[in-house]
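**Student:** Counted the way the working numbering counts, the sequence shown spans residues 1 to 192.
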Amino acid sequence: LGMRNIAHMSAQRLLGAVDLSGFKHLLDLGGGPGTYAIACLNAHPQIRATLFDHANVVDIAREQVEAAGVSDRVTFVVGDALKDDLGDGYDVILMSNLIHAFDENENRRVVGKCFDALASGGRLIIKDFLVENDRSGPPFALLFALHMFVHTQGGDTYTFAQVEEWTSAAGFSEGRALPLTPHTHVWLADKP
1 LGMRNIAHMS AQRLLGAVDL SGFKHLLDLG GGPGTYAIAC LNAHPQIRAT LFDHANVVDI
61 AREQVEAAGV SDRVTFVVGD ALKDDLGDGY DVILMSNLIH AFDENENRRV VGKCFDALAS
121 GGRLIIKDFL VENDRSGPPF ALLFALHMFV HTQGGDTYTF AQVEEWTSAA GFSEGRALPL
181 TPHTHVWLAD KP
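(1) Quick check on N107: buried or exposed, where buried means 16 or more other Cβ atoms within 10 Å of its Cβ?
(2) Within the same chain, show all residues whose beta-carbon is closer than 6 Å to that of A7, passing over the 5 residues directly before and after it, in chain order.
(3) Taking 8 Å as the threshold, find out whether the segment 71 to 86 comes into contact with the segment 33 to 51 through three or more Cβ pairs.
(4) I'd like to check one pair, K24 with D91: are the Cβ atoms closer than 7 Å?
(5) How many whole angstroms separate the CB atoms of L82 and R109, which I take to be in contact at a CB cut-off of 8 Å?
(6) From D116 to L27, what distance separates their C-alpha atoms?
(7) List the whole-angstrom C-beta distance separating A177 from H185, where the pair is believed to meet the contact cut-off of C-beta under 8 Å.
(8) Apart from the five residues on each side of it in sequence, which residues of its chain come closer than 7 Å, Cβ to Cβ, to P179?
(9) Using the C-alpha atoms, what's the distance from L86 back to N56?
(10) Count the other CB atoms, across all protein chains shown, that sit within 10 Å of the CB of F149; report buried if there are 16 or more and exposed otherwise.
(11) Express the C-alpha separation of A189 and N253 in angstroms, rounding to a whole number.
(12) Could you please give me the residues that DSSP links to L178 through a beta bridge?
(13) Short of 7 Å in beta carbon distance, which residues of its chain neighbour W187, apart from the five on each side in sequence? Order them along the chain.
(14) Sort L94, G32, E104, G112 by Cα distance to V65 and report the nearest one.
(15) Would you report the Cα separation of P192 and D59, rounded to the nearest angstrom?
(16) Name the DSSP beta bridge partners of D84, please?
(17) Using the C-alpha atoms, what's the distance from H44 back to L1?
(18) Would you kindly work out how many angstroms separate the C-alpha atoms of A169 and G112, rounded to a whole number?
(19) Can you have a look at G122 and say buried or exposed, based on whether 16 or more other CB atoms are within 10 angstroms of its CB?
(20) Roughly how many whole angstroms lie between the Cα atoms of L20 and L124?
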């Protein structure tokens, strides 16, 4: 419950920082229990969402989406972002707290798959613990990198320059970072 409350507050901050009014089809990649998708749908009645995650997570998301009363606007896809096709035709893709679970090569691959899945003019939104290029801060994000080093096979927190390299290599226009909290940022990259 505590993590859901934190995610709800973070989703509200995201919606305050990023204008989604022109978008119609959101892919919530690694969407977890659906907190971000539900918040987007509640704020933007024109959006429909596809929530993509592992089977056990999608089961929880279905319950949350049903309870929120937005199930008529959500499609669920069971899959692994590293292995499975993401679909196509989305005009906005959200990757929230996902890149820190992957190593650099995996992130390059997933960002490339996002580029392929987006329609022309679409936007990729990466929300995560991004760190300064010299890795001097933010402090919590640096501590989180240590946590990922200990508890994953290659996860880390990444610099703005690393994320820019992945997105530009995939074909996105120059990205930009927006601070959400003292330790999290949103990275926006548009597909030409």
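Where is the CB? At the ideal position from N, CA and C, for every residue including glycine.
**Tutor:** According to the structure data:
(1) buried
(2) T35
(3) yes
(4) yes
(5) 7 Å
(6) 13 Å
(7) 5 Å
(8) H185
(9) 18 Å
(10) exposed
(11) Outside the shown range of the chain (1 to 192) lies residue 253, about which nothing can therefore be said.
(12) V186
(13) I126, L130, V163, G175, A177
(14) G32
(15) 35 Å
(16) According to DSSP, which records beta bridges pairwise, D84 is partnered with nothing at all.
(17) Confidence in L1 is poor, its pLDDT being 47 and thus under 50, which makes the residue's placement unreliable; the coordinate value appears in the next sentence. When rounded, the distance between both Cα atoms is 25 Å.
(18) 8 Å
(19) buried
(20) 12 Å
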